[in-house]
Every structure is written in C-alpha cells, then in structure tokens.
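What follows is a set of notes on a single structure, which appears directly below.
4 protein chains.
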Amino acid sequence: MAKKTGEKFEAILDAAVKVIAQNGYHNSQVTKIAREARVADGTIYLYFENKDDILVSLFHTRMDEFATKVKQKIDLVDTPEEKLYQLIYMHFKIFALDHNLAIVTQIEIRQSNRRIRNDIGKSLKKYHRLIEELVEFGVQKGKFHDGIDVRLMRQMIFGILDETVSSWVMKDMKYDLLELVDPIYFLIANGIERKS
Amino acid sequence: MAKKTGEKFEAILDAAVKVIAQNGYHNSQVTKIAREARVADGTIYLYFENKDDILVSLFHTRMDEFATKVKQKIDLVDTPEEKLYQLIYMHFKIFALDHNLAIVTQIEIRQSNRRIRNDIGKSLKKYHRLIEELVEFGVQKGKFHDGIDVRLMRQMIFGILDETVSSWVMKDMKYDLLELVDPIYFLIANGIERKS
Amino acid sequence: MAKKTGEKFEAILDAAVKVIAQNGYHNSQVTKIAREARVADGTIYLYFENKDDILVSLFHTRMDEFATKVKQKIDLVDTPEEKLYQLIYMHFKIFALDHNLAIVTQIEIRQSNRRIRNDIGKSLKKYHRLIEELVEFGVQKGKFHDGIDVRLMRQMIFGILDETVSSWVMKDMKYDLLELVDPIYFLIANGIERKS
Amino acid sequence: MAKKTGEKFEAILDAAVKVIAQNGYHNSQVTKIAREARVADGTIYLYFENKDDILVSLFHTRMDEFATKVKQKIDLVDTPEEKLYQLIYMHFKIFALDHNLAIVTQIEIRQSNRRIRNDIGKSLKKYHRLIEELVEFGVQKGKFHDGIDVRLMRQMIFGILDETVSSWVMKDMKYDLLELVDPIYFLIANGIERKS
DNA sequence: CATGAATGAGAATTCATTCAT
DNA sequence: CATGAATGAATTCTCATTCAT
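Protein chains in written order, with the numbering used here: chain A, 1 to 196; chain B, 1 to 196; chain C, 1 to 196; chain D, 1 to 196.
Written out as structure tokens, the structure is:
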C-alpha cells in the first residue's frame, strides 16, 4: 500500500535523519518530520505504514548504501590486508562525512523499540556478510588465522568499529575519527599482545 | 530527598530488572514495577527521583557490582595475559548466570533517552578504567604493544566483548557464551593476521 | 452542481450498498466505494455533494423504489384486508430478496449522523403516506376501527414491520422472513386480546 | 481492571447522557464528558475500558433500571390486560420524565458501531423477557390469543412502543406522549380490524 | 468528464507523577 | 513511611475533500 519510492519518499527520509539528529529520537514527532520534508502529515502515511516504518526504511536504505559504498572501495584493492584497511577507512569515512547519519544510526535509532531494532538488525546483514567474505578471503589466502570461527571474527571486527564510532559520537565528534584508522587496523591485525 | 538504600530500594531495583526483561523497556510502566516490588506506586517516589532515576540507579548498582566482581577475579592472577583471560571469562560468566541482567543492560535499557544513556555511560567508567589499568599493566610489563593509545585498546576490548554479548542475547542466548572465551581471547591477543 | 443521474451515479450507489453491507458503515470509506464502483475518488464528487449525500441518495432511491413496488402490488387487490396483507408480504419479500439492502437500511445506515437520519426520515414519507392511505381506505370501508388516529395506526404498523425486519437481520437472517407474514397479519388485524 | 461502581462511575454516566443528548453522539468527545462530570480525562479510563464502554455501560444500567421500574408497576396489578396497560404507561412515562434519556437511547446511541449495538441488544434482553412473560401470562389466562409465537407478540409490542417513542423524539417531543397510552393499548389489544 | 496524490483538522488514550489520607 | 486514586499533557493516524493535470 505504502509507496516506497519517489521524490517525497526520499525527502521524508532525509527529513527524518535531520530531525532525529537534531531533536533526538523521542522528540521527533511525525509533524516535525513532515514539516521538515515540506509535506502534510498525512502524506507521510502515503509512503510509510506508520512512524516505525519511517525508521526501519531509513536504516535499511542508509545501511544498504553504506555497504555498497564500502564494497566498491574494497573491490579496488587485491590483498586481504588492504581490503581490511579499506573497510576500516570507509566505515569511519562515511560517518565522518555525515554526522547526522552517525548520530541517528549509532545513538538515536537504538532507542527505538524491540521490533524496530529487530528489523534494523536485518538491514545490517548485508554489511555483516561483506565483512565475513573479507575474512574468508583472508583465511583462504593464508593471511588470516584459520581455525577460528568466521562469524566470530566478523563480530569482533564489527564490534570494534561500531564501538569506536559510538564513542566518537558520544564525545560529540570532537576528534578526527580518521586518525584512528591506522591504530585500529594495527590492533585488529596484530592483536594486543607483543610477540617477542 | 530520595533515599537510596533500604530493603524496598533493593526490591524496586530487582523488580525493575525482572519487569523490563519480561516486558521490554517501553512496556514497563511504573505501576508494573511497583506491583512486582509489592509496594504502592507512590512509594517508588520515596526512593527514586523519577522513573529515569530507577533505570540509572539500576544500571549504576549493577555495573558497579559487575566491575567489582571482575576486579576480584583479575586480582587473583599475576600476568597481564591471565588477567585479560579472566576479564573475558568473568564478563561472559556474569551475563551467562543472569539472563535478565543481560537482556536489560544489553538491549532494553539502551532504548532509554539520551539523558539516561549519558548517565549510563558514567556507570561504565569504573569498568572502563579497570580495563585500561589492565592494558597499562600489560604494556608496562612489555607484554602488550606499546605505542598505541591505551584508551583505544580498551575501546577495542570492550567493543568486542559488548558486541559478543549483545549478539548472544539477540540470538536468544541459545548457545553457550562461555565457549567463546578462548577464541575471543585468542583474537584479542593475536589479532586477525597470521604471522609467518 | 452534482449530477444525480447516469451510469456512474448508479454504479456508485450500487457500490455503496455492497461496501457498507460488507464492511459496516464506519468502515466504508469513500475510497473503498470508489474502488468498488471502478471510478476515481474524485469522480464521486462529480455525482454527489459529499459523502453524506451518497447515503441520503442511496436511501432515497431505494426507499422510493421500495414504496413503488409495494404500491404496485397493493393496487392489484381490492379490500383493505387484502391490501394490508400484501403490504406486509411485500415489505418482507423485498428485504428477503436483497439481504445487502436489508443490512444497510435496517442496521448500518442508522449509524449515520443526525442530519442524514433526518433526510432519511423524509425518504420514508412516501411509504408512510402509502400506509396511511391504506388505513384511511380501511376505515372508510368500515373494515378498520375508526376513531383512532390514522398516523398512530400507521406508526404501529410500520413499527411492527420495521422491528420484525431488524430482528431478522440481527439474527443474521437465519430464518425465513416470509413465514412471519401470516402471524404478523393476524396480530395487526386482531390485536393481542382474544374476544370470547 | 475498570471499576464499575462508585460515585464517579455514576457521575460519568450521568454526564454522558447529558452531553450526548445535547451534542449528539458524534460530537460527544471524551473530554466533553469528562468536563461535564468534573473529572480529568484520564479518570474516565479508571472506570471504563474505553469510550465505547461508557456507552455500553450507560445503556446497560439505564435499561436495567428501566425494566426494573416497569416490572415493579406491572406486579401491582393482576390481570394481563391491566399489566399490558401498565407496561405501555410506564414505557412512555419514563421517557416522558427524562427527555435526555429518550434522546440518547432512541436516537443517538443507535449511531454507535456494530459492536456497541450488539452489546446494547443484550441490555434489552431483560426487558424483552419481561414482555414475553406478560404475554405468556395472558395466553395462559386465556386472555390473549394462543397459537401465536410469543416472541413474535413481544416483538410486535416492543416494535410499536419503540417506534412510537422514536417518532415522538424525532418530532422534538412536542406532544404529550402519555396521551398515546390509551389508543396504543387499544390497537395492541384489538388490532386494526373492526369485528362486526 | 475523469483522475488520484496531496492535504490537515481532529480525537482517543497512556502513564509518570502528585498529594490527601 | 506508605498508599493509590486522580490528574492532564502529549501524540499518532484517518479519511473526506480538493484541484492540477
């Protein structure tokens, strides 16, 4: 019933990111989003089932684009190490370039209810899979440790990146996220222990 | 004004964990918590400023206990490697023993508003500091890489553990979290790359 | 402004009866009626002033036809008693043949607002008059009690028939309405008391 | 959950009758009823499940009282004829004394949705049963025609009374309803036909 | 004549908090 | 200290109607 494409569909999603980033999730009423998108309240419901659907669609489209951008960059390099480096770089780069997106995805949208968070989880599947393929490639090339669960490696990598970005947002993005690319890469690659 | 000790204070916190774990954050009204704690609605306000204060207090007391328990265990062993291993073990052990606590801290309470989440951040300070001390100790002993920001190492370690527990809860705690202690330790210690 | 004839005018009225009978008055949106009539929403407003006008027109045309059909049958017989019998028979017959009409006129449309109900009242005028003429004819022929208010007699007759049909519809039209023609005729004719 | 007794319960029902009689069913918002009852909007929901529940409860309590009052009067006389007469008298008397009640029960509440109307039907059961018992008594005493379905007789009697009151209300209660007691009694008792 | 995307006013309900007892 | 009945602000969603095409 709800049309999931079109100029206004995009306008509403853009407005939602902006409004939520500025006002916080719990203070982002439908009316506010509609006004920002320059449409009537009722128009929202021509494009979305309900308010939750805005958030789910928002996260889904943005994370899909996110994964696509990262993949494009990764595909340009050949070695697993380079691919890993580019993954970290792009993950940070995208959020560094779009603070509103960072605020909304790392902080605000996580305040939504269980159902939304579940749907949101699904939107990350593509990105999760991307990381797993990277890991599998590295293991196959003999560059990454084998014998360890791929999903666990992915979880570790994602956990580090996600926590790093969240911390950065919580600290009001006062420092340059991209300066962390190198050290984070080093930690993920070499672990914490020093080999004598 | 609100007295933050006493039998009923504890009863209310216990009730809150139970009610939130069972009903979800957004479906845990003050009345429900009061009923579970076997007190009147108004009594809640003799012990807490407002509803948010319940959540903040809840998180604070639980995370304080959490950090204390982990520290006790860490203090029993001597080497940085052993301490790191015990940290991972205890982090997982505590949540494995208290599923309600896991649900509430990893999932539900994160749906709360910005202010609560900020206060919650503070409650983690003690635990964060604990990890940082562990890292500093390892660096000082020459066992962990030096030259890398300690806070970043802590962030990485915490990010991995947090993401791992969250994933486990999201998967309905269907597998044994403790089986991940060894591989996670290995990944944190050695990183992802294989040294020839 | 609104043209009250034409193929689409009829199609919309037919659609309205069907939609209201199926979905209930409060769940029969203009869009639903338009779709059933295979016209655009806006087209409705070329033929009707507003939504209420659909209902009023619907009731008016249907009740006009109703009165016409009954009159045709009544005119075929001569005595007041026979006319009364045919009135009852036709009243029940028409609804027995068109369940949707019965549902809409006896139940659903009565949920409409005061203004509509007022206009609806007017639509019954013709039928009320028909009954009154029948009564007057009977009194004049010396077959019906005189000295009693004609309007009251009409009200009584109509009240009985209306209540009987409404009860039948409420009972999901599970029994044969026409089996009630004889006993109802008897009651109207002879009253409740037995003369020794 | 909702308390169905108490001072405020009654106050809200009284307010509802007044507000609905004055403003019409579709223009009687919860806020209006609350203000008339001198309680807060939220208080309504301590005593009623939802808005519909107000109407259902209203109709139920009023019709129960209605049946009770009628029964008390009927019980004072002995013959079926006298009982029938008292039934008609009381039915009209109660509405003649409480115009608001008449408006609400005869006109406004019938605009409510199917579910309410169904529950309302149940509330009339007691009164319907009262009439049926009267009819059965008359038949048994040999005063009323036997061989005719009791339910049908009840339906006829109720239909006449209901239609008469509705007509009176629709005509803005401009005439004296009680003047109709005698002729209506005569019609119900003797029917329309004159016996030579 | 016909379309259907867009409009925006309007209302029921929830629930954290208070305060008289 | 404890109670719990009462409060009332705040927000999503529906749907009759319009009007540019």
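Glycine residues also receive a C-beta, built at the ideal position from the N, C-alpha and C atoms.
Here the structure is a predicted model, which is why all the values come from computation and not from measurement.
What did DSSP end up calling D/E36 once you bin it into helix, strand or coil? helix
Against chain A, with Cβ distances strictly below 8 Å, would B/L130 count as a contact? no
Compare the C-beta of A/D162 with all C-beta atoms of chain B and state if any pair is closer than 8 Å. yes
If you measure from the beta carbon of D/D149 to each beta carbon in chain C, is any gap under 8 Å? yes
D/R129 versus D/R154: straight-line alpha-carbon distance, rounded: Whole-angstrom Cα-Cα distance: 8 Å.
Buried or exposed, going by whether 16 or more other CB atoms sit within 10 Å of the CB of C/V181? buried
How close, in whole Å, do the beta carbons of C/I160 and D/G159 come, if the pair is a contact with beta carbons under 8 Å? 5 Å
On the DSSP bridge list, what partners appear for A/E193? B/F144
Do C/I54 and C/I184 come within 8 Å of each other at the CB atom, strictly closer than that value? no
Ignoring anything shorter than 4 residues, give me the alpha helix (DSSP H) runs that lie fully in the segment 9-58 of chain B, in order along the chain. 30-36, 41-47
Could you tell me which of D/I120, D/K3, D/D146, D/F92 sits nearest to D/V169, measuring between CA atoms? D/F92
For D/R38, decide whether its Cβ has a neighbour in chain C, counting only Cβ atoms nearer than 8 Å. no
Would the segment 106-125 of chain B count as touching the segment 95-115 of chain A if we require 3 or more Cβ pairs under 8 Å? yes
Confirm, please, whether the CB-CB distance from B/I188 to B/I157 is below 8 Å. yes
Under 8 Å between C-beta atoms, does D/S28 make it to chain C? no
Alpha helix (DSSP H) containing B/V77: first to last residue? From DSSP, B/V77 is part of no alpha helix (DSSP H); its letter is neither H nor E.
With distances taken from CA atoms, which of B/Q72, B/Y85, B/G142 is nearest B/L178? B/Y85
Could you compute how far the alpha carbon of A/K69 sits from the alpha carbon of A/D75? If I take the Cα positions, the gap works out to 10 Å.
Spatial neighbours of A/V150 within its chain, please: CB distance less than 8 Å, with the 5 preceding and 5 following residues excluded, ordered by chain position. E132, V135, E136, V139
Any beta carbon from chain B within less than 8 Å of A/D22's own beta carbon? Before going further, note that residue 22 of chain A is Gln rather than Asp in the sequence given. With 8 Å as the cut-off, A/Q22 does not count as an interface residue toward chain B.
Classify A/L13 as buried or exposed, calling it buried when 16 or more other Cβ atoms lie within 10 Å of its own Cβ. buried
Closest to D/K143 by CA distance: which of C/F186, C/E193, C/V30 is it? C/E193
For C/L97, count the other beta carbons within 10 Å of its own beta carbon; 16 or more makes it buried, fewer makes it exposed. Which is it? Exposed, since its Cβ has fewer than 16 Cβ neighbours within 10 Å.
From A/S57, A/K71, A/G24, pick the residue whose C-alpha is nearest to that of A/I107; which is it? A/G24
Answer with yes or no whether the minimum CB distance from C/S123 to chain D is below 8 Å. no
B/H60 versus chain A: which residues are under 7 Å apart at the beta carbon? Here the premise fails: no neighbours, minimum Cβ distance about 17 Å.
Interface partners of B/L180 on chain A, CB under 8 Å: Going along chain A in sequence order, the residues near B/L180 (Cβ under 8 Å) are L152.
For the alpha helix (DSSP H) containing A/A102, list its first residue and its last residue. Going by DSSP, A/A102 is part of the alpha helix (DSSP H) stretching over 99-103.
Would you tell me roughly how many angstroms separate the C-alpha atoms of A/S28 and A/E49, rounded to the nearest one? 17 Å
Which residue from B/H60, B/L46, B/K18, B/H26 puts its Cα closest to that of B/K126? B/H60
Backbone CA spacing between D/V104 and C/L46 [nearest angstrom]: Taking the straight line joining both Cα atoms gives about 36 Å.
Quick one: residues in its chain with C-beta nearer than 7 Å to the C-beta of A/N100, no 5 flanking neighbours on either side, listed in chain order? V17, K18, A21
Measure from the C-beta of B/H145 to each C-beta in chain A and report whether the shortest distance is under 8 Å. yes
Do we get a CB-CB distance below 8 Å when we pair A/I184 with the residues of chain B? Answer yes: the Cβ-Cβ gap between A/I184 and chain B drops below 8 Å somewhere.
Distance between B/V165 and A/V165 (C-alpha atoms, nearest Å): Looking at the two C-alpha atoms, the distance is approximately 18 Å.
Taking only runs that begin and end inside the segment 101-184 of chain A, name each unbroken alpha helix (DSSP H) of 4 or more residues, in chain order. Whole alpha helix (DSSP H) segments, 4+ residues: 114-140, 150-170.
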